[in-house]
Amino acid sequence: MIHIFTTGGTIEGLDYTDDSGITSSDVGIEDFLNKANVDFEYIIEGVFKKDSRAITDDDRKLLVSKIKETNATKILITHGTFTMEDTAKYIGKLNLNKTIVLVGSFILGSSADTDAPFNLGYAISSLQLLKPDVYIAMNGQIFNWNNVSKNLETNKFERNGK
Numbered sequence: 001m002i003h004i005f006t007t008g009g010t011i012e013g014l015d016y017t018d019d020s021g022i023t024s025s026d027v028g029i030e031d032f033l034n035k036a037n038v039d040f041e042y043i044i045e046g047v048f049k050k051d052s053r054a055i056t057d058d059d060r061k062l063l064v065s066k067i068k069e070t071n072a073t074k075i076l077i078t079h080g081t082f083t084m085e086d087t088a089k090y091i092g093k094l095n096l097n098k099t100i101v102l103v104g105s106f107i108l109g110s111s112a113d114t115d116a117p118f119n120l121g122y123a124i125s126s127l128q129l130l131k132p133d134v135y136i137a138m139n140g141q142i143f144n145w146n147n148v149s150k151n152l153e154t155n156k157f158e159r160n161g162k
């Protein structure tokens, strides 16, 4: 079974253009999974809905407590891309002995040309094959938590030192 924790971000179609922080969206991770006709057990649990630039260490502590509480050993976290690497590093340092993959999208999940379904499918596939650790699945690649950064110029994740 895969436990999916959602935290907001563009993958859920949330656009943070106003000062109030969250614009509602009718896109959900379950919608993507239903359209893909997946055949594996999963649970989706919303932890919070935030622009990742607003995620604090208290939010990360809450996320870690949810990860520790679940019996699932395969965890998928949907997350905004701005601070995805920070959350991956925060969780990675804890050695939780679970396979944890963070995934997001650069294009709104509610947009017709979104990268969300591809990224989500790639992350779920990878999650089932990886050994316990913390990873980011973006741009058709897997990055280990301690060797990744987001390149704001190219809007891509890359290995450090690249």
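No gaps in the numbering here: position 25 of the sequence shown is 25 in UniProt numbering, and each next residue is one more.
Glycine included, each C-beta is placed from N, C-alpha and C at the ideal position.
Following the DSSP letters along the chain, one finds residue 92 inside the alpha helix (DSSP H) bounded by residues 84 to 92. Taking a contact to require three or more Cβ pairs closer than 8 Å, the segment 97 to 107 and the segment 135 to 146 qualify as touching.
With three or more CB-CB distances shorter than 8 Å, the segment 80 to 100 counts as touching the segment 127 to 139.
For the options 110, 60, 123, 56, the alpha carbon positioned closest to that of residue 76 is the one of 123.
Leaving aside the five residues that flank residue 158 on each side, the residues in its chain whose CB is nearer than 6 Å to its CB run, in chain order, 151. By the 16-neighbour rule on beta-carbons within 10 angstroms, residue 56 is exposed. The criterion of a C-beta distance shorter than 8 Å is satisfied by residue 5 and residue 47. Note: residue 79 is not bridge-paired with any residue in the DSSP secondary-structure output. Residue 45 sits in a strand when the DSSP states are folded into three classes.
When the beta-carbon positions are compared, residue 96 and residue 7 stay at least 8 Å from each other. Take residue 88, set aside five residues on each side of it, and the residues of its chain with a beta-carbon closer than 6 Å to its own are 102, 134, 136, 145, in chain order.
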